[in-house]
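Peer 1: For what it's worth, my numbering labels the leading residue of the sequence shown as 15, then goes sequentially.
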Amino acid sequence: MGENPAKSHYAQLNLGEENEMEIFGYKTQCCRKALCIAGYILSCGALLLLFYWKPEWDVWANCVPCSLEEADVVLLRTTDEFRIYSRKNVTWISVSGIIKSRLDYPSFAEEDSIFSKALMKPSLQVKSIQVQKIRYVWNIYAKQFQKVGALEDHHTCSAIHTKFGSGLTCSEQSLRRVICGPNTIDVPVIPIWKLLIKEVLNPFYVFQLFSVCLWFAEDYMEYAAAIIIMSLLSISLTVYDLRQQSVKLQRLVESHNSIMVTVCRNKEGFQELESHHLVPGDMVVLKEGKALLPCDAILISGQCIVNESMLTGESIPVTKTQLPQADNLKPWKMHCAEDYKKHVLFCGTEVIQTKGDDRGVVKAVVLQTGFNTAKGDLVRSILYPKPMNFRLYRDALRFLMCLIAFAAIGMIYTVCVFALNGEEAGEVVKKALDVITIAVPPALPAALTTGIIYTQRRLKKKGIFCISPQRINMCGQLNLICFDKTGTLTEDGLDLWGLLPSEGNCFQDVRRFPADHSLPWGPAFRAMVVCHSLIVLEGKIQGDPLDVKMFEATNWVIDDSSGHQIEGQRSTHATVIRPGPKANTASVEGITILHQFPFSSALQRMSVIAQETGGEKQVFTKGAPEMVATLCRAETVPSNFESKLLFYTAQGFRVIGLAYKSLQSGKQSTDLTREEVESDLTFLGLLIMENRLKRETKPVLEELSDAHIRSVMVTGDNIQTAVTVAKNAGMISPTNRVILVEANKIPGSFSASVTWKPLKENKTEDDGNLDSGSQTGRRIRLAAEPGQFHFAMSGKSYQVVAQYFSHLLPKLLLNATVFARMSPSQKSSLVEEFQKLDYFVGMCGDGANDCGALKVAHAGISLSEQEASVASPFTSRTPSIACVPELIREGRAALVTSFCMFKYMALYSTIQYLGVLLLYWQLNSFGNYQFLFQDLAITTVIVSFTEAYPKLVPYRPPSQLVSPPLLLSVILNILFSLGMQILGFLMVQKQPWYSKTDIHSACLSVNNHVENSSSASSLGLHGVGGGDPTEVDNGYKSYENTTVWLLSTINCLIIALVFSKGKPFRQPIYTNYVFIMVLVGQLGVCLFLVFADIDDLYSKMDLVCTPTTWRISMVMMLAVTLAVSFLVEEAIIENRALWLWLKKTFQYHSKSHYKRLQRVLEQDSAWPPLNETFSLDAVTVSVEEDMGGHSNPTFDSNEDAL
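Written out as structure tokens, the structure reads:
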């Protein structure tokens, strides 16, 4: 049964967000509910259990579809590929207790707020649902559920200042508190009984319970008891583990739930209250000193320095500035664009320092509370992890379905055999059901995760922490890694190399450091002294490493002693910079930083307003040279600016532009907008920083290249610097050409152009404005083979291409190696675009501005000192990219282990299944202890101990179970096993000593008396006993049973050995000493059972005595099976050359989007275009005629390949 999305019955929740869902309205119907209750009783709870597993069936059975407005139950469905359903009851919140004595609703909530739109009159109730800890209320006017617990996005900057600047009234606050709920990130420790019930109701354990009941009915007492003990042990360990996680998570969040805060009440002044009473819109006053933030808040006055390492993993203090009082109609987030976070204080982060405004107060408006906050979002991502759609798990379930179909065939065979032999109906049913418990290994999903658990432990020993273990297998498939540059490929700290000052639109001589330490006093020196966001914390200067190096070169010191600087008539808390003991003589006592516009990745610059003691106010700006130059007056920028910039960036230097201007007195510095401040500047020169490659960068990138894993650089730095670093690091070979892709949007129109140019190096042309006139006559044609050329582009060009030339983007991404001046959102977008081309993308960065990309990538690796950075699934303790190949190696080993375990579990159950079906032909089966020995003794989970192979080979392990080599391996081994068991079964009947009724006939000729035989005489197959009355024959003993059981048991060990794959992804199996010892031990026990003739042992194991020649014959059959299995596995299944030849012969091509595109481009002689410009109109025509095969870069999934 599906959903019919009629307009009022269906809506979307969290549209465009990561947790987007579809919501359907339903109304409970009494007669349907009564029928369902009857069904629960009649089915002894089985129907209830089914509804527990399938909540959508529960809703469809109990309710009828209705509009969301009338619904008392809603059904939610995720919009991802999993389409997971969940059921929620609609609840009513009554606010009549707050409003009953008032008539004026507007005093409680302004008309445009969700609080007034959700209030039903006259009942004064609010309709709500709670989904994943977030509360949604019904908007009566918009006819939809809307999130509460967050300030609405539509407010403008000025509206936030005017509406919330003086705080909420008590009545407004009370209403919001009732509707939004408490401001707590409440993660209660789940009671053990709840965890126990949830675990027991897992389909795996329900299947175990069914099996155990069946075994008890068949008198398999010992076996059933052993399985119960094992299951209880497994459940106890899982529950203990879950409980520990629950306690740990609760400890993580409880510290932020009860903090005392000062709030401002409209008309009532300041009051202290506990943080769980805060609501969106409250005005909080931040006091001096360190404090943890209990909510997300927008800073509306003053300035804060915050430690956000809990969120980003980067411990560099971040400066937060007040929200500007912009008087436009844009919502505040749109007005601030990507920089809105510069005004937001996030929950769970620590305020290190506050600087008051002109009235000495630091105020912030509560933006989000509870689970809506940044920290709440993090906790929710732990509580409700996003499922991974990795083919392995999907294929495993499909294979499980095949085994169930296989079991169904066995059931039909069983019913036919037993019914035709006149067995009782009850006995036939039991035997038929028994086939399912044998053929379907319920431990299959668990077996797939064992490799992951051991890999996680190995990674932890190597300093790599993982908060998302299911991604480990994905690491084995990575074939493209995006690297951040600064701090990842290059050293974190930059060394100051020199300053290239500019005066009167001409560059002066370069001043080298530390040789020319005596910088003259002037604007450039003043810019180095004040243009930073450094702070003094516990006597130590802290901040961005670039800022620290620049400031230390001046020999000045920060005097951060809470002094106040008089500015006009008002006092402001400000940072004062003074000459240090080693500083050159300066004409001033100190410089005060009055206001900061912090560095923004989107704007690529930062600015400060500073004032010399007794002097005028000045603005100093530093940032990307190209950006700073555009803000300067043209006459102050040297004419050779571009060539000088290219000269230094081409050598791999990091270049920073400096500029300044004097401010006219009159306007308060805090009242000036960034646009006013950062305009008509005077260019001061270029600060040149040396950014050395880390020692391990080049060898790691070479290792990845040898393994055919693509490396891409994604940085915020200059494009020429990035290309040079890429060349030095070995990403771009010296013989390869670099083509600059430059795309521009024509201002004020919907048209755009894209140009391909060769990147000039160490020449006098600028990389952004190359003169291509000399080459217009002769087109340069490059070899079109991938790898012969590399594209490089800036973030601006990437944005334009993505927006206007989306059909070209996939073609560019195939050979793009350098992406420079990329903003955080562009980095995330780039990773997603690579994923759409079917690349498995890894992202390695240092946490802060890479957060988005680290989360989006298949495997995000954060180089952070934090044990587990929330920014990414993996965190490396050592800030080195050496963790990347290590993670890929371990991922590949885990993936191969999962395949080995899978193949083994499938074969092991099939071998047992075939043996039982053979014996059913004679109305026989395995005995109690025979099943017990096979299932408990023959465990090979320790195959997971095998470590990863140290060398990365240039190909990946298969990613899908339903692949020809794997299926062939399983099918051939099933056939070998079946052949051997049938051979044994038939051959034993042909032996001269064989007797169907007398199970002692074989050994009588040897021993001449019954007492020495392996068990008491048993005539017939159903326990017609004779001989010694103390020995009972339970009807399982026969020559066929003994032969088939011994063959199938040792066959399981053979399979374990044959499937224990070593090279090229794991160490050879002989290095796994534990596995080898256990295997040898198990084989020894089995051979002992073959050759021993101990009466009591054979009696207990339901075995019978056979002549030594037959025992040797069985061992020879097993040896032949081992040799054939091993030979087939090595010569056919693991023969990569053979499979490549077969692929070539049958013209099989990879269905990956990027591979298909590569084949198309190899045939395209016009690619890559060089010294050509495509305009939007020209391209639109060529799309239809030339590029239809890849006109849409969106991901076409690999479903057809499975």
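For glycine and all other residues, C-beta sits at the position ideal for the given N, C-alpha and C. Note that this is a predicted model, so its numbers are computed, not measured.
Let me confirm a value: residue 591 is counted as buried when at least 16 other C-beta atoms fall within 10 Å, else exposed. Which label applies?
Peer 2: Its Cβ being crowded by 16 or more others within 10 Å, residue 591 is buried.
Peer 1: Quick check for students: name the residue ranges of the alpha helix (DSSP H) that lie wholly in the stretch 200 to 239, counting only runs of 4 or more.
Peer 2: For the stretch 200 to 239, whole alpha helix (DSSP H) runs of length 4 or above, ordered along the chain, are 206 to 214 and 217 to 231.
Peer 1: Residues bridged to residue 10 by DSSP?
Peer 2: With the chain covering 15 to 1216 only, the question about residue 10 has no answer from this structure.
Peer 1: In angstroms with no decimal places, state the Cα-to-Cα distance between residue 876 and residue 912.
Peer 2: Between residue 876 and residue 912, the C-alpha separation is close to 26 Å.
Peer 1: Could you name the residues that DSSP lists as bridge partners for residue 150?
Peer 2: Looking at the DSSP assignment, residue 150 forms a beta bridge with 143 and 161.
Peer 1: Measuring straight from C-alpha to C-alpha, what distance separates residue 627 and residue 335?
Peer 2: Distance between the alpha carbons of residue 627 and residue 335 is about 24 Å.
Peer 1: How about residue 975: is its Cβ closer than 6 Å to a heavy atom in the ligand MG?
Peer 2: The ligand content of the structure shown is nil, which means the ligand MG is not present either.
Peer 1: Report yes if the C-beta distance between residue 365 and residue 318 is below 7 Å; otherwise report no.
Peer 2: Yes.
Peer 1: Look up residue 895 in the DSSP assignment and say whether it is helix, strand or coil.
Peer 2: In this structure, residue 895 counts as coil in the three-state DSSP scheme.
Peer 1: Grab me the residues of residue 1218's own chain with a C-beta within less than 7 Å of its C-beta, minus the 5 sequence neighbours each way, in chain order.
Peer 2: The question about residue 1218 has no answer, for the chain in this structure spans 15 to 1216.
Peer 1: In angstroms with no decimal places, state the Cα-to-Cα distance between residue 995 and residue 914.
Peer 2: So the two alpha carbons sit approximately 23 Å from each other.
Peer 1: Between residue 750 and residue 496, what straight-line distance do the alpha-carbon atoms span, to the nearest angstrom?
Peer 2: Near 20 Å, if we compare the C-alpha coordinates of residue 496 and residue 750.
Peer 1: Any chance you could list the alpha helix (DSSP H) runs of at least 4 consecutive residues sitting entirely within the stretch 33 to 88, in chain order?
Peer 2: Fully enclosed alpha helix (DSSP H) runs of 4 or longer: 44 to 56, 60 to 67 and 69 to 76.
Peer 1: Which complete beta strand (DSSP E) runs does the stretch 587 to 659 hold, if anything under 3 residues is left out?
Peer 2: You should have 589 to 593, 605 to 614, 619 to 626 and 631 to 637.
Peer 1: Are the beta-carbon atoms belonging to residue 874 and residue 886 less than 7 Å from one another?
Peer 2: Result yes, Cβ atoms of residue 874 and residue 886 sit closer than 7 Å.
Peer 1: How many angstroms separate the CA atom of residue 645 from the CA atom of residue 676?
Peer 2: Cα-Cα distance, rounded: 14 Å.
Peer 1: Which residues bound the alpha helix (DSSP H) around residue 1175?
Peer 2: Run containing residue 1175: 1167 to 1176, per the alpha helix (DSSP H) assignment.
Peer 1: Which of the three DSSP states, helix, strand or coil, is assigned to residue 1022?
Peer 2: Here residue 1022 scores only 43 on pLDDT, less than 50, and its place in the model is too uncertain to base an answer on.
Peer 1: For residue 841, which residues in the same chain have their Cβ closer than 6 Å to its Cβ, ignoring the five residues on either side in sequence?
Peer 2: These residues qualify, in order along the chain: 728 and 867.
Peer 1: Quick one: Cα of residue 566 to Cα of residue 901, how far?
Peer 2: Going by the C-alpha atoms only, they are around 38 Å apart.
Peer 1: If I'm right that residue 832 touches residue 872 with Cβ under 8 Å, what's the distance once you round it to whole angstroms?
Peer 2: Actually they do not touch by this definition, with Cβ atoms about 22 Å apart.
Peer 1: Would residue 235 be called buried (16 or more neighbouring beta carbons within 10 Å of its own) or exposed?
Peer 2: Its Cβ having fewer than 16 others within 10 Å, residue 235 is exposed.
Peer 1: Go ahead and pull the three-state DSSP assignment for residue 772.
Peer 2: Looking at residue 772 - three-state DSSP - the assignment turns out to be strand.
Peer 1: Considering Cα atoms alone, identify which of 382, 807, 274 and 466 is closest to residue 482.
Peer 2: Among 382, 807, 274 and 466, the Cα nearest to that of residue 482 belongs to 466.
Peer 1: Counting C-beta neighbours from all protein chains within 10 Å, is the total for residue 754 16 or more, i.e. buried, or is it exposed?
Peer 2: Classification for residue 754: buried.
Peer 1: Skipping 5 residues on each side, what residues in its chain have a beta carbon closer than 7 Å to that of residue 72?
Peer 2: Only 65 and 101 meet the Cβ criterion.
Peer 1: When you compare only the Cα positions, how much space is there between residue 167 and residue 500?
Peer 2: Answer to the nearest angstrom: the Cα atoms are 34 Å apart.
Peer 1: Pull up the DSSP beta-bridge partners for residue 345, would you.
Peer 2: Answer by DSSP bridge pairing, in chain order: 170.
Peer 1: Taking the alpha carbon of residue 450 as the point to measure from, which residue in 276, 420 and 477 has its own alpha carbon closest?
Peer 2: For residue 450, the nearest C-alpha among the options comes from 420.
Peer 1: Report the three-state DSSP secondary structure of residue 1202 (helix, strand or coil).
Peer 2: Because residue 1202 sits at a pLDDT of 32, beneath the cut-off of 50, its placement in the model cannot be relied upon, and the following sentence gives the value as read from the coordinates. In this structure, residue 1202 counts as helix in the three-state DSSP scheme.
Peer 1: Would you call the stretch 283 to 291 and the stretch 256 to 275 touching, i.e. three or more CB-CB distances under 8 Å?
Peer 2: Flag = yes, the stretch 283 to 291 and the stretch 256 to 275 touch.
Peer 1: Name the residue from 70, 76 and 634 whose alpha carbon lies nearest to the alpha carbon of residue 90.
Peer 2: Taking only the C-alpha atoms, the option nearest residue 90 is 70.
Peer 1: Mind checking which residues open and close the beta strand (DSSP E) that includes residue 1287?
Peer 2: In this structure the chain extends from 15 to 1216, so residue 1287 is not present and cannot be described.
Peer 1: Determine which residues share a DSSP beta bridge with residue 849 and list them.
Peer 2: None, per the DSSP bridge assignment.
Peer 1: Check whether the Cβ atoms of residue 1069 and residue 921 sit closer than 7 Å, and answer yes or no.
Peer 2: Yes, the pair counts as a contact, with Cβ atoms nearer than the cut-off.
Peer 1: Would you check if there are 3 or more beta carbon pairs closer than 8 Å linking the stretch 1079 to 1090 to the stretch 1132 to 1141?
Peer 2: They do not touch, by the three-pair rule.
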